[in-house]
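Let me begin by presenting the structure, written as structure tokens, before commenting on it.
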Amino acid sequence: MIKCDNITKVYNSGDVKTVALQGVSFEINDGEFVAIMGPSGSGKSTLMHIIGALDTPTSGTYFLDDQDVSKLSDDELADIRKDKLGFVFQSFNLLPRTTVLRNVVLPLIYAGFPSGEREVRAKAALENAGLNESHFYHHSNQLSGGQMQRVAIARALVNNPSLILADEPTGNLDTQTGEIVLSTFQTLNEKQHRTIVLITHERYVAEHADRIITIRDGEIVEDAENRNKRKINGIV
Amino acid sequence: MTISDLFKETSAALLVNKARTGLTMLGIIIGISSVIAMVSIGQGAQGTIESSIQSLGSNLIVVMPGAQRGPGVQVSTGRGSAQSLSLADADAIQQQILLVRAVAPEINGRYQITARGTNTNTQVIGTVATYPSVKNVEIDTGSFIDDQQVKSLAKVAVLGPTARDDLFGEGVDPVSQTIRIKGVIFKVVGVTKAKGGSGFSNSDDIIYIPISTAQRFLTGHEYVSDINVQAVDQQSMTDAQTQITSLLLDRHHISDPTLADFSIMNQADIMASASSITNTLTLLLGSIAGISLIVGGIGIMNMMLTTVTERTREIGLRKAIGAKSRDINLQFLSEALMLTFAGGAIGVILGWILSLLVSHFGGITTSISLFSILLAFGVSAAIGIGFGYYPARRAAGLNPIEALRYE
């Protein structure tokens, strides 16, 4: 369902040309849990932006669900993000002083769902993400980091996307809370067959996925199944 | 995104920072309310002036004596002080001009009046029986001077309400009491109704006596101070004025109209010049208030720009979850619009209250027109769009990747 073929990305700032990606090709199938791992400056963020339809490649093609996304306009990219993608960010990016439920409802507003259906879906997504019902009407800034990240996961899930993209989802969390969030992803992948792409610079975090793509200096240096997958049991 | 979603999003965003929203709105509230209040004062003044001109009489043309201009050195005497109009002129106008309904010549002067030990200095007008209909004077008690009294040089007087209060006290019926004007005893036969006005233009501080009596006992000559002419209707006023001019020129044996020894004013001219003055006044007051409206608009733009910077990450997130540039643009524009509309609505109410207070405590008549309310709303909507456009476009133009990274 994700098919990247020879993707390059070159940034022009004045006279200086920065090559962020040089010929990246890979495929990700439905229901996979893949980690893209690499140090900072490796081009993993650029790759994430292209997979996330936030940016288009300089050359090469990117197919998402058999649709060529690499040459779309800004508005068409917005439609792709709306219908097919769910994002989880390092810094949660929840609307402050807004209830948890309303935060999760937000993507459905842009997707044009009728207001009755929105709440039902949002509540289901929050339960899926493992957030207790007692928090639904709290303001997002009253929650702990782990709870906030679960709200963000629920927001990513709510529109039933083809792909969930998590960009350093544990970066702002302590190890224990990070484990909870990672196990949430594992559960979603195993029980509901969600396709998840996890971007991280930490091997430890990447080892929670089934497959690890290692990227360095804009090129894939390793793409292999994760043989010693870390499992966290009984939390979610 | 439906309209109701947009409305909810917008009001939620504005309620997040209530103090800032309130202060920004205050700028618009002050601007709109001062425009409403100022324009209402201006229009109220216009109404007052127009009605007081109207109360002078209807379809009124006033003929006044003027200095005769001759060749050589000109000695300028004040307008109206010359002695060039006589009762015969008034009679001629009445008899020879068909467009005239009534003519009321008058002689006026200020005299010391005494009655039962009190005394006052006031204006005495010598006139004829048609005066009340020409100058819109109404009788409260008793009656006005009649033709018989004018013919017989009767020593009778009709008092204005202020003159009555000064001489006899408030509420006292002075009919058939006596007063002395310049030592001559007059019998009071009536009191007129109050017309309003104050200071030098007080049309209530007046005593009316027959014109013949005034000529014989007070002035001692046969000239009149001015001749009030009532035209048959509004349309014929200009024609009547032309005919009176040529009649009087003929009677005074003056061939060159520029050398006329009288001048004629008609009510429409007075009205036109008065309303041009009050229009200027309204414009002046309105534009001073308009400046504060612009300042309020700049306040809105300032707040919107701050908001866009502050909420850069939110904008990035909204774009990441599928909002188009158009959605972001609409959201911020509607925030600016809601600020100005809410501010505008409160401003209209406040301006209304303000103008009621002004007319209650300041004694100035104010009038609020639908036009000024619509204008204020239109202006606030325009300010919302005008000053909200740039910040909204800036928000919509943000790159989602950079917006999400913004610290």
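First to last, the sequence lines map onto chains A and B. Just so we're aligned, residue 303 is where the first sequence starts under the working numbering, counting upward by one. Just so we're aligned, residue 229 is where the second sequence starts under the working numbering, counting upward by one. C-beta: ideal position from N, C-alpha, C; glycine also. The structure displayed is predicted, hence computed values, not measured ones.
What residues of chain B sit near residue i, judged by a beta carbon separation below 7 Å?
| i | result |
| --- | --- |
| Leu579/A | Coverage of chain A is limited to positions 303 through 538, which leaves residue 579/A absent and any answer about it impossible. |
| Asp376/A | Ser553 |
| Pro409/A | Ile549, Gly550 |
| Lys346/A | The premise fails here: Lys346/A is roughly 14 Å from chain B at the closest Cβ pair, so nothing lies under 7 Å. |
Measure the beta-carbon distance from residue i to residue j and round it to whole angstroms, keeping in mind my assumption that it falls under 8 Å.
| i | j | result |
| --- | --- | --- |
| Tyr451/B | Leu313/B | 6 Å |
| Ile341/B | Ile439/B | In fact, because the Cβ distance is near 18 Å, the residues do not count as touching under 8 Å. |
| Ala604/B | Gly572/B | 6 Å |
| Gly568/B | Ile256/B | In the sequence under discussion, the amino acid at residue 568/B is Thr, which differs from the Gly named in the question. Rounded, the Cβ-Cβ distance is 5 Å, consistent with contact. |
| Asp519/A | Ser344/A | 6 Å |
| Thr369/B | Gly399/B | Between Gly399/B and Thr369/B the Cβ distance is about 11 Å, and since that is not below 8 Å, they are no contact. |
| Glu419/A | Leu403/A | Contact flag wrong, Cβ pair sits at about 14 Å. |
| Asp367/A | Lys384/A | Actually they do not touch by this definition, with Cβ atoms about 14 Å apart. |
| Pro389/B | Asp432/B | 5 Å |
| Leu446/B | Val352/B | 7 Å |
| Leu467/A | Gly354/A | 5 Å |
| Leu626/B | Ile549/B | Contact doesn't hold; Cβ gap of about 15 Å is too wide. |
| Ala454/A | Ala427/A | Not quite, the Cβ-Cβ distance comes to about 11 Å (not below 8 Å), so this is no contact. |
| Lys311/A | Thr360/A | 5 Å |
| Ile501/A | Met350/A | 5 Å |
If you drop the 5 nearest sequence neighbours on each side, which residues of the same chain put their C-beta closer than 6 Å to that of residue i?
| i | result |
| --- | --- |
| Leu561/B | Gly616, Ala620 |
| Ile437/B | Gly354, Ala385 |
| Thr249/B | Leu242 |
| Phe391/A | Asp469 |
| Val523/A | Thr516 |
| Lys415/B | Val384, Thr406 |
| Gly270/B | Leu509, Thr510, Leu513 |
| Gly306/B | Residue confidence is low: Gly306/B scores 47 on pLDDT, short of 50, so the model does not pin down where it sits. Its coordinate-derived value is still stated next. Contacts found: none. |
| Glu366/B | Lys421 |
| Val412/B | Phe445 |
| Asn314/A | none |
With a threshold of 8 Å on Cβ separation, who are the neighbours of residue i within its own chain once the five nearest residues in sequence on each side are excluded?
| i | result |
| --- | --- |
| Ser239/B | Met566 |
| Ile601/B | Ile264, Val576 |
| Asp317/A | none |
| Ser503/B | Gln274, Ile277, Glu278 |
| Lys410/B | Tyr339, Gln340, Phe445, Leu446 |
| Gly308/B | Residue placement at Gly308/B is poorly supported in this model, since its pLDDT is 46, which falls under 50; the coordinates still yield a value, given next. Once the five neighbours on either side are set aside, the close Cβ partners of Gly308/B are Met292, Pro293, Gly294, Ser453, Asp454. |
| Gln311/B | Pro293, His449, Tyr451 |
| Gly340/A | Lys346, His503, Thr516, Ile517, Arg518 |
| Arg541/B | Ala631, Leu632, Tyr634 |
For residue i, collect the residues of the same chain with a Cβ closer than 7 Å to its Cβ; drop the 5 residues on either side in sequence, then sort them by chain order.
| i | result |
| --- | --- |
| Leu558/B | Leu234 |
| Glu637/B | No information on residue 637/B is available, as it lies outside the stretch 229 to 635 that chain B covers here. |
| Leu327/B | Ala459, Val460, Ser464, Asp467, Ala468, Gln471 |
| Pro398/A | Ser442, Asn443 |
| Thr594/B | Ser268, Ile269, Gly272, Ser583, Val586, Ser587 |
Using only CA atoms, which one of the options lies nearest to residue i?
| i | options | result |
| --- | --- | --- |
| Ile325/B | Ala459/B, Gly527/B, Ala610/B, Arg633/B | Ala459/B |
| Pro402/B | Leu387/B, Ala610/B, Val412/B | Leu387/B |
| Asp467/B | Asp454/B, Arg479/B, Met493/B, Phe445/B | Met493/B |
| Ile547/B | Asp377/A, Leu500/A, Arg505/A | Note that residue 547/B is Lys in the sequence shown here, rather than Ile. Among Asp377/A, Leu500/A, Arg505/A, the Cα nearest to that of Lys547/B is on Asp377/A. |
| Leu356/A | Arg513/A, Lys373/A, Gly340/A, Glu435/A | Lys373/A |
| Leu545/B | Lys423/B, Thr346/B, Leu632/B, Asn245/B | Leu632/B |
| Ser515/B | Ser262/B, Ile335/B, Arg554/B | Ser262/B |
| Ala431/A | Gly333/A, Ile382/A, Asn491/A | Asn491/A |
| Met266/B | Phe490/B, Trp580/B, Ala610/B, Met229/B | Trp580/B |
| Phe335/A | Gly388/A, Leu445/A, Arg496/A, Glu521/A | Arg496/A |
| His437/A | Asn530/A, Thr400/A, Leu465/A | Thr400/A |
What residues of chain A sit near residue i, judged by a beta carbon separation below 7 Å?
| i | result |
| --- | --- |
| Val244/B | Arg399 |
| Met229/B | Ile411, Tyr412 |
| Leu545/B | Asn395 |
Does the ligand NAP have even one heavy atom less than 8 Å from the beta-carbon of residue i?
| i | result |
| --- | --- |
| Ala631/B | The ligand NAP is not part of the structure shown, which contains no ligands of any sort. |
In chain B, what lies closer than 9 Å to residue i by C-beta?
| i | result |
| --- | --- |
| Asp381/A | Gly550, Lys552 |
| Phe487/A | By Cβ distance, chain B contributes nothing, its closest Cβ being about 18 Å from Phe487/A, past 9 Å. |
| Lys493/A | Here the premise fails: no neighbours, minimum Cβ distance about 24 Å. |
| Lys373/A | Neighbours of Lys373/A on chain B: none; closest Cβ ~18 Å, over 9 Å. |
In chain B, which residues lie less than 8 Å from residue i when you measure between Cβ atoms?
| i | result |
| --- | --- |
| His282/A | The question about residue 282/A has no answer, for chain A in this structure spans 303 to 538. |
| Arg415/A | Correcting the residue identity first, residue 415/A is Phe in this sequence and not Arg. Here the premise fails: no neighbours, minimum Cβ distance about 10 Å. |
Find the residues of chain A that neighbour residue i, judging by a C-beta separation of less than 8 Å, and give them in chain order.
| i | result |
| --- | --- |
| Ala240/B | Thr400, Arg404 |
| Glu542/B | Asn395, Leu397 |
| Leu561/B | Those do not exist, as Leu561/B stays about 17 Å from chain A at its closest Cβ, beyond 8 Å. |
Using a C-beta to C-beta distance shorter than 9 Å, which residues of chain A count as neighbours of residue i?
| i | result |
| --- | --- |
| Arg248/B | Going along chain A, no residue has its Cβ under 9 Å from Arg248/B, so there is no contact; the nearest lies around 13 Å. |
| Leu558/B | Per Cβ cutoff of 9 Å: no residues; Leu558/B is ~12 Å from chain A at best. |
Original post:
How about the region 443–458 of chain A and the region 468–481 of chain A: do they share at least three Cβ pairs that are nearer than 8 Å?
Top reply: With contact defined as three or more Cβ pairs closer than 8 Å, the region 443–458 of chain A and the region 468–481 of chain A are in contact.
Subject >> Three-pair Cβ contact test at 8 Å for the region 281–295 of chain B versus the region 521–535 of chain B >> reply: Touching, no, given that fewer than three Cβ pairs across the two stretches are closer than 8 Å.
**OP:** Inspect the CB distances between the region 487–507 of chain A and the region 396–416 of chain A and report whether three or more fall short of 8 Å.
**Re:** Contact between the region 487–507 of chain A and the region 396–416 of chain A is not established, with fewer than three Cβ pairs separated by less than 8 Å.
Original post:
Would you call the region 305–312 of chain A and the region 327–335 of chain A in contact, with 3 or more CB pairs under 8 Å?
Top reply: Using a C-beta cut-off of 8 Å, the region 305–312 of chain A makes contact with the region 327–335 of chain A, since at least three inter-stretch Cβ pairs fall below that distance.
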